[in-house]
Amino acid sequence: MNPAELCLRTATDLAAAVRRRELSAREVVTAHLEQIERVDPSVNAIVTLVADRALEEAAAADERLVSGAAPGPLHGLPVAHKDLHDTAGIRTTYGSPLFADHIPTGDHLVVERLRAAGAITIGKTNVPELGMGSHTVNPVFGATRNPYDLSRSAGGSSGGAGAALAAGMQPIADGSDTGGSLRNPASFNNVVGLRPSPGRVPSWPDKAPWGQLSVKGPMARTVTDVALTLSVLAGPDPRSPLALETPGAVFTGGLDSDVRGLRVAWSPDLGGSVPVEAEVRDVVRGAAEVFAALGCEVEETCPDLSGADEAFLIQRAWQMELAYGPLLDAHRQRMSPDVVWNIEEGRKLAGPDLGRAQLLQAELFHRVREFFQRYDLLLLPVSQVAPFAVELAHPASVDGTAMETYLDWMRSAYLITMTGCPALSVPAGFTPAGLPVGVQMVGPHRRDLAVLRAGYAFEQATLVGERRPAVATADGVRP
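Using my numbering, the letters of the sequence shown correspond one by one to residues 62 to 540.
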């Protein structure tokens, strides 16, 4: 098999082939390392590579399988971890020159779980500086480029992960999402990304273990592969006080289900809450039509999201100051203006501000809870724009509305963050210029499996996610 073809097989298929010994872990890892060597110089998704270590681990994995040891569900699958997630003995920079040579002594919990399930670490994926924003560029490694158009952004903050998936450099990925960092790069790269319910994937170490704004989660090229990865990442851990007790095994039972009669709401602009480019609105409208054709009851409507914007901006600023305030005091001149601004916004907050954010989010939760008593699924734009020019810090305007900060164009994702609901980005279409656009599927509180099943039905009906970029094939890199 052509190595590029092997690298575009699903994670589920690859894992099964390794278990059946039709492929060796070494063959799978070697093919992906070759794909990285061929493609990544143009994309810049994998920023730290540990090829020799990965090949040694692959050989050991093959020996364990020959000896009769039971393989894990991800046995032999290569994965590059998000460069915000600590990896023992492997450089982890957080996209900041302050940590350009930082080598952690321990693994983040998501890395622990992937490796315990048999995944083989091949390196790290690029992120924005300190993970702030949905455009992956930083002073250490530069920008990650979109595999579908190398002049465009790959999104962020899990942009390196999304681009690496799209280009066949890894079959699964780990990421994190505060204001859209799993969903936005999934949309930009024509892959699948799930922001799970808070607590679904435990996090450790964590400076704010009681917080629910930021979550860890999976990305992959198919909904089935996202469910497979989630089955490994999910489940309780004593180090994470908000971890849900439901074991990850619930996500291994298959996603095929009858969606006829499902009550589907949709909105092209979150009920008028955000400006959205016309080509993105068209894709969301088309997704609603797909569900109607599948026999669902479809209606254009949206819950009242008022207060979500203010609550998010307050809580995010507080979180940024908590995490990075000491760095600002010591290294202001080595931090980007957007990073400095967001930390300083956190320093302006007082107790009543945090209290107001809690009240606004509580009111939002109950409005959305009541909304999902009438509907089973909500379809929305993931991002308000298609992938934009990689040289831009962020879009200057959206549909004629000026974007004043680096956060403004992400509102279609971060307003949903504040609901606490699971949200899935699924490939849904392309612009006339050939740029990917995903649809955001939001489900009721903690109904992650239901959202995955709806996403699977849509994926099978459309097959949009099967369209891979030219750089991922054996034809070579095309700018």
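Glycine included, C-beta positions come from ideal geometry on N, C-alpha and C.
Quick check on this structure: which residue in Arg125, Val487, Val345 has the alpha carbon closest to the alpha carbon of alanine 281?
Val487
Exposed or buried, what is glycine 184 when buried is set at 16 or more other beta-carbons lying within 10 Å of its beta-carbon?
buried
Going by DSSP, what residues sit across from aspartate 238 in a beta bridge?
Val276
Beta-ladder partner(s) of methionine 230, from DSSP:
DSSP output for methionine 230 lists no bridge partner at all.
Would you call the region 229–249 and the region 468–477 in contact, with 3 or more CB pairs under 8 Å?
yes
Out of Phe312, Leu274, Pro270, point me to the one whose CA is closest to arginine 300's CA.
Pro270
Is it the case that the Cβ atoms of serine 218 and proline 189 are separated by a distance below 8 Å?
yes
Rounded to whole angstroms, what is the Cα-Cα separation between proline 302 and glutamate 382?
22 Å
Under a three-way DSSP split, which group does glycine 537 fall into?
Residue confidence for glycine 537 is low, a pLDDT of 47 falling below 50, so the modelled location carries little weight; the figure read from the coordinates is stated next. Correct three-state label for glycine 537: coil.
Which term fits isoleucine 107, buried or exposed, when burial requires 16 or more other beta carbons within 10 angstroms of its beta carbon?
buried
Looking at valine 345 and tryptophan 327, is the spacing between their C-beta atoms short of 8 Å?
yes
Helix, strand or coil: which one does DSSP assign to histidine 163?
coil
Could you spell out the range, first to last residue, of the alpha helix (DSSP H) harbouring glycine 490?
Note, glycine 490: premise wrong, no alpha helix (DSSP H); beta strand (DSSP E) at 484–491.
Under the three-state reduction of DSSP, which class applies to methionine 502: helix, strand or coil?
strand
Just the Cα atoms here: how many angstroms apart are threonine 148 and glutamate 350?
44 Å
Valine 127, buried or exposed, once every other Cβ within 10 Å from all chains shown has been counted against 16
exposed
For alanine 227 versus proline 208, is the C-beta distance shorter than 8 Å?
yes
Assigned secondary structure, histidine 196 (DSSP; H/G/I helix, E/B strand, else coil):
coil
Quick check on DSSP: helix, strand or coil for arginine 32?
Outside the modelled stretch of the chain, which goes from 62 to 540, sits residue 32, for which no answer is possible.
Which word fits leucine 421, buried or exposed, when buried means at least 16 other C-beta atoms lie within 10 angstroms of its C-beta?
buried
Distance check for asparagine 187 and phenylalanine 202, CA to CA, integer angstroms please.
8 Å
Less than 8 Å between the CB atoms is what I'm expecting for isoleucine 415 and isoleucine 375, so what's the real figure, rounded?
Note that residue 415 is leucine in the sequence shown here, rather than isoleucine. So it is a contact: roughly 7 Å between Cβ atoms.
Helix, strand or coil for threonine 478 per DSSP?
helix
Can you tell me whether glutamate 88 is buried or exposed, with buried defined as 16 or more other CB within 10 angstroms of its CB?
buried
In whole angstroms, what separates the C-alpha of leucine 366 from that of alanine 384?
27 Å
Under a three-way DSSP split, which group does leucine 366 fall into?
coil
Alpha carbon to alpha carbon, how far is proline 497 from asparagine 250?
6 Å
Spatial distance of glycine 314 from histidine 392 (CA atoms)
49 Å
Extent of the continuous alpha helix (DSSP H) to which leucine 291 belongs
284–294
Using the rule of at least 16 other Cβ atoms within 10 Å of the residue's Cβ for burial, across every protein chain shown, is arginine 539 buried or exposed?
Confidence at arginine 539 is low in this model, with a pLDDT of 40, below 50, so the placement of that residue should be treated as unreliable; the coordinate-derived value is given next. Result: exposed.
In angstroms with no decimal places, state the Cα-to-Cα distance between leucine 438 and serine 248.
18 Å
Kindly list the residues whose CB is nearer than 7 Å to the CB of arginine 80, restricted to its own chain and excluding five residues on each side of it in sequence; keep chain order.
Pro132, His136
Assuming aspartate 210 is part of the beta strand (DSSP E), what are its boundary residues?
210–214
Drop a sphere of 10 angstroms on the beta-carbon of arginine 174, count the other beta-carbons inside from all chains shown, and report buried for 16 or more, exposed for fewer.
buried
With threonine 205 and asparagine 105 assumed to form a contact (beta carbons below 8 Å), what rounded beta-carbon distance in angstroms separates them?
5 Å
Of the residues Gly407, Pro134, Ala177, the one placed nearest alanine 288, counting alpha carbons only:
Pro134
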